[in-house]
Amino acid sequence: MELDPENAISAIQTGIQQASTLIVTYSFSVLGAILLLVIGFVVAGLVERWVYAGLGQVSGFDLTLRRFFSKIARYIVLGLIVVMVLGQFGIQTASVIAAIGAVGLAIGLALQGTLQNIAAGIMLLALRPLRIGEYVEVGSVAGTVEEIGLFATRLRAADGVYVLAPNSTLWTQPVKNFTRNGARRNDITITVSNVDDVESIQKSLLELAERDARVKTDPPPSAFIAELGDTTAAITLRYWTSVGDFLATKAELNRGARNALNANV
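If you read the sequence shown in UniProt numbering, its first letter stands for residue 1, the second for the next number, and so on.
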């Protein structure tokens with residue numbers, strides 16, 4: 001079968017016309033998409049900086065949370081730009097958004113534990129039951145806080161051991177913060193066998209605490225009988241000191257209390 005030259009030429013012309021129409025049509029769409037992407041990236045960067053700077057004006061707002069929320073704002077803007085770009089090519093954005101939502105739900109279910117840690121990290125950073133440099137105890141976790149991240153918190157135990165605790169663990173249990181209030185109380189209890197010496201030992205313990213400049217005068221130290229038996233008595237020295245002086249004061253007063261007890265034996 002021979003090909004008619006006129007039909008061939010007509011088919012080629014039709015193809016060229018159709019290609020030209022597609023090129024013209026989609027060239028505007030491509031140019032518009034590129035322009036939207038460029039503008040979107042610029043706007044996203046500006047929004048990120050505005051949010052970061054704005055949250056910086058809030059007194060006490062955590063640096064990690066500032067970075068997190070500024071990044072979230074950036075990604076929201078970029079997501080909107082991507083949807084707009086898809087609309088340039090006639091793609092139904094409603095179905096795209098629905099698909100993204102379904103994928104997000106699936107990812108959320110798969111990463112439920114991770115998202116729980118992120119949510120707990122945000123709450124820890126917002127409510128601040130613990131801060132960097134504070135010594136805390138949460139369940140079986142104890143140590144000085146070194147970093148509070150969105151997924152986990154890094155601590156240094158009293159013996160120098162590295163501890164990394166999931167944020168959800170720290171958030172769902174009571175937090176004992178030994179540093180936050182700035183002062184700590186300590187009780188030193190000694191047992192004496194000679195009940196007749198109780199008053200003199202009380203006086204010696206009280207003088208011991210009053211001589212130490214690290215012991216606070218408000219509230220003042222006190223020495224009292226905690227337990228009284230037939231032949232023994234438990235005497236407690238109670239005092240307050242700053243968090244930084246707590247351990248050193250405790251060690252020295254323990255030694256002084258033992259010396260006072262031996263002196264009255």
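Ideal placement from N, C-alpha and C gives every residue a C-beta, glycine not left out.
According to DSSP, simplified to helix, strand and coil, what is T191?
T191 falls in the strand class under three-state DSSP.
Return the CA-CA distance between P220 and R184, expressed in angstroms with no decimal places.
Taking the Cα positions, P220 is about 13 angstroms away from R184.
Name, in chain order, the residues that DSSP records as bridge partners for Y239.
Y239 pairs with N186.
Can you give me the C-alpha to C-alpha distance between A209 and L55, rounded to a whole angstrom?
Their Cα atoms are separated by approximately 47 angstroms.
Integer Cβ distance of L247 from L205, believed to fall under 8 angstroms
At roughly 19 angstroms, the Cβ-Cβ gap does not stay under 8 angstroms, so L247 and L205 are not in contact.
What separation, rounded to the nearest whole angstrom, lies between the Cα atoms of L228 and G121?
The straight-line gap separating the alpha-carbon atoms of L228 and G121 is approximately 49 angstroms.
Is the beta carbon of I201 sitting closer than 7 angstroms to the one on I235?
The answer is yes: Cβ separation under 7 angstroms.
Under the three-state reduction of DSSP, which class applies to G160: helix, strand or coil?
Coil.
Check whether the Cβ atoms of P174 and N117 lie closer than 7 angstroms to each other.
Their beta carbons are not under 7 angstroms apart, which means P174 does not touch N117 by this criterion.
With a cut-off of 8 angstroms, do at least 3 Cβ pairs link the region 63-78 to the region 131-138?
No, they do not touch.
Beta-carbon proximity list for A260, same chain, < 7 angstroms, skipping 5 on both sides:
I201, S204, L205 and L208, listed in sequence order.
Within the same chain, show all residues whose beta-carbon is closer than 6 angstroms to that of G256, passing over the 5 residues directly before and after it, in chain order.
The residues are L208.
Sort D218, G32, V161 and V77 by Cα distance to L46 and report the nearest one.
Closest option to L46, Cα to Cα, is V77.
Can you check whether the CB of K250 is closer than 7 angstroms to the CB of N181?
For N181 and K250, no; Cβs fall outside 7 angstroms.
Starting from the C-beta of I72, find all residues in its chain whose C-beta is less than 7 angstroms away, skip the five residues before and the five after it, and write them out in chain order.
There are no such residues.
K203, DSSP secondary structure in three states
In the three-state scheme derived from DSSP, where H, G and I count as helix and E and B as strand, K203 is classed as helix.
Same chain, Cβ closer than 6 angstroms to V222, five either side skipped, listed in chain order
The sequence given here has Ser at residue 222, not Val. Non-local C-beta neighbours of S222 in its own chain, meaning closer than 6 angstroms and more than five positions away in sequence, comprise R238, ordered along the chain.
Within its chain, find whatever has a CB closer than 7 angstroms to the CB of G40; leave out the 5 residues flanking it on each side and keep chain order.
Listed in chain order, the non-local C-beta contacts of G40 below 7 angstroms within the same chain comprise V77, L78 and I81, local neighbours out to five positions each way being set aside.
Measuring only the C-alpha atoms, how far is V51 from T169?
Computed Cα separation, rounded: 30 angstroms.
Pull up the DSSP beta-bridge partners for I225, would you.
Per DSSP, I235.
How many angstroms separate the CA atom of G32 from the CA atom of A119?
Rounded to whole angstroms, G32 to A119 spans 38 angstroms at the Cα level.
Compute the Euclidean distance between the alpha carbons of L164 and T144, then round it to the nearest angstrom.
Between the alpha carbons of L164 and T144 lies a distance of about 11 angstroms.
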